[in-house]
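One structure is given below, encoded as structure tokens.
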Amino acid sequence: MANKFFKKPPEELLEFIEEILSLPKSAISILEILLREKEATIERLMKLTSISRRTAHEQLKKMRKLGLITRKASEIEGRLKYVYSAASISEIIEILKKSLQGKLRKLEELQKRVGRER
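Right, dumping it as structure tokens:
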């Protein structure tokens, strides 16, 4: 997965992710770091965001489920740890587009139902 990393991801992209996918600020902070850096452990993410391990785990799990990030097991300092990476910007944009398409379909279905009730 060839990822184009930014010194700072476009603010507009982060706003779209937060708004369209209804992710909390803690998830956006984690994703921003992963977009800036090639990869990070949960310990590094916790240090850079000042969020708890539990919150970090919850947000990482949500974002993995959405396809925004991936994780791989890696041996670090003689211990097996998970290392997290962000999807590419183009992959993230595709995820946002699919989410919007799904919401639009639901809105159109609602419009049809409401139209029949008149």
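One rule links them: number in our numbering = place in the sequence shown (from 1) + 3.
Ideal Cβ positions, reconstructed from N, Cα and C, are used throughout, including at glycine.
Bear in mind that the values here come from a model prediction, so they are computed numbers and not experimental data.
- Going by C-alpha positions, Lys109 is about 14 Å away from Gly118.
- Contact annotation, Ala43 with Leu71: C-beta distance approximately 14 Å; criterion of less than 8 Å not satisfied.
- Between Lys11 and Arg39, the gap from beta carbon to beta carbon is short of 8 Å.
- Using a 10 angstroms sphere on the CB of Gln62, the tally of other CB atoms reaches 16 or more, which defines it as buried.
- Ile31 places its beta carbon less than 8 Å from that of Glu21.
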